[in-house]
Amino acid sequence: MKGHGRAWWSCERNEYGRTPTFVTPAWKKILAKEKLAEKKLPRNVATQWNSTFKLLDVCLLYQTAVTKVTQEQENGLRKYELTRREFCHLVSPRQVFFDATQFLSCEGADAPDIMEVIPAMDIIDRTLADDTQDAALNPCIRVAVGLAKNTMNCYYNKTDESAAYQIAMS
């Protein structure tokens with residue numbers, strides 16, 4: 051698979067921002083030509099999952115510009131170029147993680163209680179199970195989703211041991 055997601059590493063390192071005298075003007079020129087609002091790609095922060103989602107979201111929204119800036123040989127970003135199929139693979143599984151993070155990150159009166167969390171985990175589990183079997187997804191994506199499902203199940207299985215869970219779900 052050409053690129054294999056390396057374009058996102060380029061984006062998260064803000065590659066075009068590191069060479070402002072060269073790539074940033076090319077990026078801005080492409081945005082103007084495509085009639086897209088001027089926007090920098092969000093910086094990915096390893097400890098903030100939502101930052102990865104936001105980065106991918108902007109890259110998908112600005113797919114044409116990302117493709118063009120990586121295609122232009124003089125930008126030196128050809129090794130990060132993604133195929134149309136690779137862009138498509140970024141869409142499917144990411145939404146369930148974002149929705150779950152948003153739901154579970156609420157605070158105060160909006161914070162979900164145990165009776166809301168467990169059914170939400172059931173939905174996430176079913177969605178991930180479906181994605182691991184989805185032949186339309188790239189095998190690498192299916193494996194990654196399966197690993198995410200296994201990680202989630204480590205936490206999910208602990209709910210059976212929780213007295214709060216037993217009381218809430220009775």
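For any residue, its number in my numbering is found by taking its place in the sequence shown, counting from 1, and adding 50. The beta-carbon is built from N, C-alpha and C at its ideal position, and this holds for glycine as well.
* Please classify V167: does DSSP put it in a helix, a strand, or coil? => Locating residue 167 in the sequence shown gives position 117, counting from the first residue. The answer is helix: DSSP assigns V167 an H, G or I state.
* Asked: Helix, strand or coil for V141 per DSSP?
  -> Walking along the sequence shown from the start, residue 141 turns up at place 91. Note: V141 maps to coil in three-state DSSP.
* To do: Mind the definition here: the segment 152-167 touches the segment 115-134 only if three or more C-beta pairs lie below 8 Å; say whether that holds.
  => no
* With R144 and L106 assumed to form a contact (beta carbons below 8 Å), what rounded beta-carbon distance in angstroms separates them? -> Translated into the one-based positions of the sequence shown, residue 144 becomes position 94. Translated into the one-based positions of the sequence shown, residue 106 becomes position 56. Correct: roughly 6 Å between the Cβ atoms.
* Asked: Would you say H139 and N100 are within 8 Å of each other, going by their C-beta atoms?
  -> For the purposes of this step, residue 139 is identified with residue 89 of the sequence shown, where counting begins at 1. For the purposes of this step, residue 100 is identified with residue 50 of the sequence shown, where counting begins at 1. No, they are not a contact pair.
* Asked: What residue does the alpha helix (DSSP H) around R192 start on, and which one ends it?
  -> Residue mapping note: residue 192 aligns to position 142 of the sequence shown, counting from 1. From DSSP, the alpha helix (DSSP H) with R192 extends over 189-206.
* Measure from the alpha carbon of I173 to the alpha carbon of each residue in A161, E88, N203, A185, then state which is nearest. => If you number the sequence shown from 1, residue 173 lands on position 123. Nearest of A161, E88, N203, A185 to I173, Cα basis: N203.
* **Contact check, A218 vs I164, beta carbons under 8 Å** => For the purposes of this step, residue 218 is identified with residue 168 of the sequence shown, where counting begins at 1. For the purposes of this step, residue 164 is identified with residue 114 of the sequence shown, where counting begins at 1. Against a cut-off of 8 Å, the Cβ pair of I164 and A218 comes out as a contact.
* Inter-residue CB distance, R192 and D181 (contact presumed, cutoff 8 Å) -> In the sequence shown, the residue the question calls residue 192 occupies position 142. In the sequence shown, the residue the question calls residue 181 occupies position 131. Indeed, because the Cβ distance is near 7 Å, the residues count as touching under 8 Å.
* Take T130 as the anchor and find which of C109, K208, V141 has the nearest alpha-carbon. => Residue numbering aside, residue 130 sits at position 80 when the sequence shown is read from its first letter. The residue asked about is misnamed: residue 130 is Tyr in this sequence, not Thr. Considering only alpha carbons, the answer is C109.
* Which one or two residues does DSSP pair with V116 in a beta bridge? -> In the sequence shown, counting from the first residue as 1, residue 116 sits at position 66. Beta-bridge pairing links V116 to no other residue.
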